[in-house]
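Peer 1: Going by the numbering used here, the sequence shown opens with residue 4, and the numbers climb by one from there.
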Amino acid sequence: MTQLAEPRPGAGDAVPGAGERVNHWVAGRRLPGTSGRSGPVFDPATGAVAREVDFASVGEVDAAVAAAVAAFPGWRATSISKRTEIMFRVRNLIDAHRRELAALLTAEHGKVPSDALGEIARGIENLEFATGVPQHLKGGFSEQASSGVDVYQIRQPLGVVAGITPFNFPAMVPMWMFANAIACGNTFVLKPSEKDPSASMLMAELLKEAGVPDGVFGVIQGDKVAVDRILEHPDVAAVSFVGSTPIARYIYETGTRHGKRVQALGGAKNHMLVLPDADIDMAADAAISAGYGSAGERCMAVATIVAVGDVADPLVAAIKARLPKVKVGPGSDPAAEMGPLITRQHRDKVAGYLDSGRAQGATVVADGRDHPLYRGSDGFFLGVSLIDPLTPEMDAYKDEIFGPLLTVVRVKTYDEAVRLINDNPYGNGTAIFTRDGGAARRFQFEVSAGMVGINVPIPVPVAYYSFGGWKSSLFGDLHMYGPEGIQFYTRSKVVTARWPDPGTSKIDLGFPRTR
Ligand code: NAD
């Protein structure tokens, strides 16, 4: 069943700072909020409010940005080798503390410990990539571009950059951003999701311990007030965002209007195309893992299976047979493979698609509300759900559901399947399951999505490539992390230099020639 990214430890690990109020992190220390505004942080497995998180005022955002502005000249001038050494220490400290970090993710997001450790492992890969910054920042050099003239290109940091992150990866997505941003010499202000804010504070402490100077990394907790101040702040040079499509569009439009460089990653509706020649068991295992892992709250989760021709019946039967084996439960249960959803409201919204699907003519093959934890617990649980067949006009196809609800669309041909995927407004990830190399290659060539899996259901690129979707899944020009992350967090400068032999100096009012 679900592949474990890590051995099973973690269930029952102590939660750092349990019950304490979550503050901001400014100039290298905890800053208790003074705005008088705060929000609840739930334990999704019990439904209880576990702690409160401060919501920043405009003045508190300004203080975090001011600390980042003050730290920038010194950090930028710090040698690349020193910054590299610090990034190695950040990587090692986060790795050493991954169980504490995972315990925070389980406590506030609800994902089971193996999933939380998997998230952290993928985040750490970005820290490892960032330790290669001496190589990434190498420019180009052209000797003798003209007589006695050399031309070279250097990459310089932007200044203060900000990251605004979603609830579903409270450790990994910040690492996607700050690893490269800081390694390149920028200073960074993070606005994490208010739903699971504590991971950001533990990472801030670890960065300080690793030797990241005060002000180079700051955290500002909050909601729209904090986000809007970041978007209009004159000292913020660039904004990286990951979240839902409507907010991504808003961030991109508002940030660029204020003259900032913006990359804004949005929502998704990922299709898994299964051809008639596919290995049914492998495809069914993949659909279950990618559809229900992390309770479907992954932007790369499989949302819709597109079954071509006569593969549909045996595939749906194989998926259905596996559903009772998925262990739903709290992260404290070592047997649990899938935890609760993030909030009651979101859980109920996901469940609502079962009703709308049924009302619009689809068949609900499995209803997650039949799971005993749906009614028998105050936690935000929903069991695994399956709708088949679904048609593209139905709400459960049109909307991003972001929960443990898999849907099946049946089509007659490969061409019909690709048309369906390419007509969808989202273009984050997609996958094809087949034994036919030619069909897979054609799919890779034709499909409109930023990340493609071939017999791989969740094709999240490794850290030395870049992550990003197409269409309404990304606003901006550059994808996140990897080489495009380095490009995003730096700007290039080209220097044309002459060191003439004083004996050859003369006046020439003509336009500079190279030949
Ligand atoms: P969200 O858009 O609600 O929130 C993301 C961030 O924006 C949070 O920090 C939040 O505080 C802030 N925000 C929310 N509403 C705002 C508003 N009106 N004005 C200003 N800021 C606002 O997203 P979420 O629910 O936290 O995360 C789930 C979404 O993120 C899903 O749509 C998922 O597909 C998407 N996601 C995308 C990727 C990707 O790489 N494309 C990765 C992870 C998650």
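We put the beta carbon where it would ideally sit given N, CA and C, even for glycine.
Would you list the residues sitting across from residue 273 in a DSSP beta bridge?
Peer 2: Per DSSP, the beta-bridge partners of residue 273 are 305.
Peer 1: Under 7 Å: does the beta carbon of residue 113 sit that close to some heavy atom of the ligand NAD?
Peer 2: no
Peer 1: Could you check whether residue 293 and residue 476 sit closer than 8 Å to each other, using their CB atoms as the reference points?
Peer 2: no
Peer 1: According to DSSP, is residue 170 helix, strand or coil?
Peer 2: coil
Peer 1: Which residues in the same chain as residue 68 place their Cβ atom closer than 7 Å to its Cβ, once the five residues preceding and following it in sequence are excluded?
Peer 2: 163, 192, 236, 238, 239
Peer 1: From residue 548 to residue 224, what distance separates their C-alpha atoms?
Peer 2: Past the boundaries of the shown model lies residue 548; the chain is included only from 4 to 518, so the question cannot be answered.
Peer 1: Pull up the distance between the alpha-carbon of residue 78 and that of residue 64, whole angstroms please.
Peer 2: 20 Å
Peer 1: Taking only runs of the beta strand (DSSP E) that begin and end inside the segment 324 to 388, which ones reach a length of at least 3 residues, in chain order?
Peer 2: 367 to 369
Peer 1: Rounded to whole angstroms, what is the Cα-Cα separation between residue 448 and residue 488?
Peer 2: Between the alpha carbons of residue 448 and residue 488 lies a gap of roughly 24 Å.
Peer 1: Would you decide whether residue 498 is buried or exposed? Buried here means 16 or more other CB atoms lie within 10 Å of its CB.
Peer 2: exposed
Peer 1: Expressed to the nearest angstrom, what Euclidean distance is found between the alpha-carbon atoms of residue 8 and residue 121?
Peer 2: Below a pLDDT of 50, predicted positions are generally treated as unreliable, and residue 8, at 45, falls in that range; no measurement from the model is reported.
Peer 1: Please check the pair residue 454 and residue 472, which I expect to be a contact at CB under 8 Å, by giving their CB distance rounded to whole angstroms.
Peer 2: Residue 472 and residue 454 do touch by the CB rule: their CB atoms are close to 7 Å apart, below 8 Å.
Peer 1: Apart from the five residues just before and just after residue 443, which ones in its own chain have a Cβ nearer than 6 Å to its Cβ?
Peer 2: Within the same chain, 435, 437, 457 come within 6 Å of residue 443 by CB-CB distance, once the 5 residues on both sides are set aside.
Peer 1: So residue 110 and residue 18 are in contact, right, with Cβ under 8 Å, and what is the actual spacing, rounded?
Peer 2: 4 Å
Peer 1: Can you check which of these residues, 165, 171, 70, is closest to residue 304 by C-alpha distance?
Peer 2: 171
Peer 1: At a cut-off of 7 Å, would you count residue 191 as near the ligand NAD, judging by its Cβ distance to the nearest heavy atom?
Peer 2: no
Peer 1: By the DSSP assignment, the alpha helix (DSSP H) with residue 131 in it spans what residues?
Peer 2: Looking at the DSSP string, the run of the alpha helix (DSSP H) that includes residue 131 is 116 to 133.
Peer 1: At which residues does the alpha helix (DSSP H) containing residue 454 begin and terminate?
Peer 2: From DSSP, residue 454 is part of no alpha helix (DSSP H) but of the beta strand (DSSP E) over 454 to 457.
Peer 1: Based on the DSSP output, what are the partners of residue 160 in its beta bridges?
Peer 2: Note: residue 160 sits in a beta bridge opposite 493.
Peer 1: Beta carbon of residue 356, beta carbon of residue 408: below 8 Å?
Peer 2: A contact, by the Cβ cut-off of 8 Å.
Peer 1: Given a cut-off of 8 Å, decide if residue 399 and residue 371 are closer than it, judged by their beta-carbon atoms.
Peer 2: no
Peer 1: In whole angstroms, what separates the C-alpha of residue 11 from that of residue 337?
Peer 2: Only weak support is given to the placement of residue 11: the predicted model assigns it a pLDDT of 46, under 50, and the value that follows is read from those uncertain coordinates. Straight across, the Cα-Cα distance linking residue 11 with residue 337 is about 7 Å.
Peer 1: Using 8 Å for Cβ pairs, my map puts residue 50 next to residue 383. What's the rounded Cβ distance?
Peer 2: 6 Å
Peer 1: Buried or exposed, going by whether 16 or more other CB atoms sit within 10 Å of the CB of residue 46?
Peer 2: Result: buried.
Peer 1: Quick one: what's got a C-beta closer than 6 Å to residue 514's C-beta in the same chain, skipping five residues either side?
Peer 2: none
Peer 1: Rounded to a whole number of angstroms, what is the C-alpha to C-alpha distance between residue 132 and residue 504?
Peer 2: 43 Å
Peer 1: With DSSP as the reference, label residue 448 as helix, strand or coil.
Peer 2: Three-state DSSP puts residue 448 in a helix.
Peer 1: State the Cα-Cα distance for the pair residue 359 and residue 412, rounded to the nearest angstrom.
Peer 2: 16 Å
Peer 1: So, with DSSP's three-state summary, where would you put residue 194?
Peer 2: strand
Peer 1: Would you kindly work out how many angstroms separate the C-alpha atoms of residue 128 and residue 139, rounded to a whole number?
Peer 2: 15 Å
Peer 1: Does the beta-carbon of residue 431, which I'm using as the reference point, lie nearer than 7 Å to any heavy atom of the ligand NAD?
Peer 2: yes
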